[in-house]
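Structure, as structure tokens:
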Amino acid sequence: MEPVIPAPVIPKGLSLTYRAFLYKISYEGLRNAYSVGSFVVICLFVAVVLLMLCNFLIDISCRKKPDRKRVTNAAPPKRSQIVYSSMLPPREDFVLMDTDVAMKPNDTQKPRQLEEGIPAPQGKCALWDRADSLLLRLRLDRCTVVMSFRRGVVRQSKFRHVFAQAWKAEQCLDDIRVTRVTWDGQLCVANPKFVAVITEAGGGGAFLVVPLTKTGRVDQSTPTVCGHAGPVLDIQWCPHDDNIIASASEDCTVKIWHIPDGGLTAPMTEATVTLEGHSKRVGILAWHPTALNILLTAGCDNVLCIWDVGTGELVYELSDVHPDQIYSVSWNREGSVICTTCKDKALRVIDPRRGTVLKVREKAHEGARPMRGVFLSDGKILTTGFSRMSERQLALWDTKDVSEPMAVQEIDASNGVLLPFYDPDTSMVYLCGKGDCTIRYFEVTNESPYVHFLSLYSGKEPQRGAGFLSKRGVDVNKCEIARFYKLHDRKVEPISMTVPRKSDLFQGDLYPDTAGLEPALLAEDWIAGQDAPPILVSMSGAYNIPASKYNTLRGRPKLLPQSNSATCISSNTTTALSTNTAGRQTESERTLQGQSRKDLEGGTERTRKEDKQLADILTEIRALRALVLAQGHRIDALERQLARIDDGDV
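Count along the sequence shown from 1, add 11, and you get the number used in the working numbering.
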């Protein structure tokens, strides 16, 4: 496109011919000037492109090609010392060796050496553990550390992928008037039979008890337990009888109730046992984990009382241990000592039978708000509280030395009290904050940092309280390891904690033996000074074998010749029996037996040869079932061994 050239300015007063000549030469000059300018711009652009291309070629030609020669001997050295780069922390159980020299870093930024005389790793390196297992590889490319992690580097845990899921709306309990009393309790408890919720009641205290299987709307006319003269502050199910529940109230009494199977049919006002010994309201209940009928109560009179519920007698009274209000009480696993948290910010470990304080930690949490403590199965104590800046904290303490915590984690800056729920079978701790919408869960291990955050569940509505279901009540078939009952203003919402598994078999590694209903001691035995761990029961009894969907014999099979009948039946039943492992009759065996009885009763004729073949088939099915069961036990043992190896126990 031709450039637009302005008309030249010709001075006036000149002749017409001279003026035409000046106009022509001026126009040609401007036109030539525009052409020269375009040419200069194009030349500069080409020069820049050529210069960049030359620099690129020079850079490629000057680069040094890496040496791809590998070292054949890749065995890790025998020493436990590390030669590490600046990106790796020192560890005594790791060994870093140079296996492939690829590139040398710049002289100005060399990797750090652990001690003089040991060469720094250059190029590609490998990290080994003492078991001669390759953990990761390193590649040093111009002082850039590229790390490729292997399985052994990340902490292995079978609970890393635990996820929480709320139940559907039709499976919740609706239209429940949850109490509005100002008390930092859980307000809800659950066991394999019932769910109990402290409700709002006029002129006294009451709590609702419904079967665990009940769902939907709870009618206002549903009978409640309403024998207290003041609001109910705490309720706890007996660990040795699913029909016994204790309640504490502002009327300074503790009552023991017996709930009939199936729930209440009429309001319950008369308690089985009434315990009177506190001068102020009672807000804490704690059943003994192994001794029958031993109940601990704590009130706002700063007194701890231990009762024999069977006789209604006050066994021990600790009135001079706590100078201020008691926030929480927890038994250890054997029931020999208790840990308490108090308003004076102290954590105490107490022998209740002697009435002595074994350990005390002043200012376990420096915040002024309430804190909670719970005993773990290995004797450690986990506490929740607030820091000096009102941040919520989680701390782990060793009862042998409570001078310093083993671990402290900052949670958030909310002001709701954190309620800890501990599962001794999985060593998991769940934190439910009053007024929060989340449930956080952690795993406690023997390796630093001891308390490992797993994940959290976040809901839409804040929680007034939460109930933790006993381990005997979880759904083993769905790999459910825990269940909460979250309290809303007028609703109870179940939340399941599930470990995703593909197999339909019983997951023995998720469900170790748990504490059963049978007490390990009687009340008089514990009072005499005896201690015993809880009696454990297997969770496999709650597992229901799923029905076989493959190669199931729906009717009487066609009898084949003796030569190939065993082979055909064996090939068909092996697949069916592989999905049905425990000691129950398979559907094929039941079908064959039912058909055999039907034929005999109907008077049909059958030769002895056919009867013998049918008996042989049933015998072979029983043998195959026994074989599959034995292999299942072997697989469970190998999976447990593999889990211990992954966790680093072996």
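Backbone N, C-alpha and C fix where the C-beta goes; we use that ideal spot for every residue, glycine too.
Sorted by chain position, which residues of the same chain lie with C-beta nearer than 6 Å to Asp647's C-beta, five sequence neighbours on each side aside? Gly519
Top-ranked residue by Cα proximity to Trp194, from Pro242, His333, Phe218 and Ala654: Pro242
My guess is that Val173 and Ile492 are in contact by the Cβ rule of under 8 Å, so how many angstroms apart are they, rounded? The C-beta separation of Val173 from Ile492 comes to about 7 Å, placing the pair in contact by the 8 Å criterion.
Taking 8 Å as the cut-off, does the region 324-341 touch the region 224-233 (at least 3 CB pairs, one atom from each stretch)? no
Just confirm the distance between the C-beta atoms of Val360 and Lys370, as a whole number of angstroms; I'd bet it's less than 8 Å. 4 Å
Thinking C-alpha only, which one of Ile450, Ala180, Ile267 and Cys490 is nearest Gly476? Ile450
Does the distance from the C-beta atom of Gly427 to that of Lys445 stay below 8 Å? The answer is yes: Cβ separation under 8 Å.
Report buried or exposed for Pro431, applying the criterion of at least 16 other Cβ atoms within 10 angstroms of its Cβ. buried
I'd like the span of the alpha helix (DSSP H) that includes Lys502, first residue to last. Lys502 -> not in any alpha helix (DSSP H); beta strand (DSSP E) instead, spanning Lys502 to Thr509.
Assuming Pro505 contacts Gln182 (C-beta within less than 8 Å), just tell me the rounded distance between them. 7 Å
Just to check my reading of the structure: Lys266 and His289 have Cβ atoms closer than 8 Å, yes? What is that Cβ distance to the nearest angstrom? Contact flag wrong, Cβ pair sits at about 13 Å.
Using beta-carbon positions only, say whether Ser551 and Phe517 come within less than 8 Å of one another. yes
Count Cβ pairs between the region 338-345 and the region 379-398 that sit closer than 8 Å; are there 3 or more? yes
Straight-line gap, Glu211 to Asp186 (C-alpha atoms, nearest Å): 12 Å
Quick check: Leu10 and Trp408, are their CB atoms within less than 8 Å of each other? Outside the displayed range of the chain (12 to 661) lies residue 10, so it cannot be described from this structure.
DSSP on Ile656, reduced to helix/strand/coil? helix
Evaluate Thr224 with the Cβ neighbour count: other Cβ atoms within 10 Å of its Cβ, from every protein chain shown; 16 or more gives buried, anything less gives exposed. exposed
Option in Val485, Thr509, Ile256 and Asp262 with minimal Cα separation from Asn304: Ile256
Per the DSSP calculation, Asp185 is bridged to which residue(s)? DSSP lists Arg228 and Lys502 as partners of Asp185.
Rounded to whole angstroms, what's the CA-CA distance from Asp500 to Cys263? Just pull it up for me. Their backbone Cα atoms lie some 27 Å apart in a straight line.
Backbone secondary structure at Ser559 - three-state DSSP: Its pLDDT being 42, under 50, Ser559 is placed unreliably by the model, and the measurement read from it follows with that caveat. It is coil, neither helix nor strand.
In terms of residue numbering, what span does the alpha helix (DSSP H) encompassing Ala534 cover? Ala534 to Ile538
Secondary structure at Cys263, three-state DSSP: helix, strand or coil? coil
Residue environment, Asn313, which counts as buried when at least 16 other CB atoms sit within 10 Å: buried
With three or more C-beta pairs closer than 8 Å as the rule, is the region 482-492 touching the region 458-469? no
What's the gap between the Cα of Asp245 and the Cα of Val208? 10 Å
Where does the unbroken beta strand (DSSP E) through Ala201 begin, and where does it stop? Cys199 to Ala201
Helix, strand or coil at Ala400 [DSSP, three-state]: Looking at the sequence provided, one finds Met at residue 400 rather than Ala. The answer is coil: DSSP assigns Met400 none of H, G, I, E or B.
Of the choices Lys489, Val548, Ala634 and Arg633, whose alpha-carbon is the least far from that of Ala175? Lys489
Which residues does DSSP list as the beta-bridge partners of Glu699? This structure gives no information on residue 699, because the portion of the chain shown stretches from 12 to 661.
Just the C-alpha distance for Ser258 and Tyr468, rounded to the nearest angstrom, thanks. 30 Å
Tell me the residue span of the beta strand (DSSP E) that contains Val360. Leu358 to Asp362
Chain-order list of residues whose beta-carbon lies under 6 Å from that of Leu533 (same chain, five-residue window excluded): The answer, listed in chain order, is Leu303.
Among residues of its own chain, excluding the 5 on either side of Pro234, which ones have a beta-carbon nearer than 6 Å to its beta-carbon? Leu275, Ala277 and Pro278
Helix, strand or coil: which one does DSSP assign to Arg483? helix
Measuring straight from C-alpha to C-alpha, what distance separates Glu415 and Ala375? 9 Å
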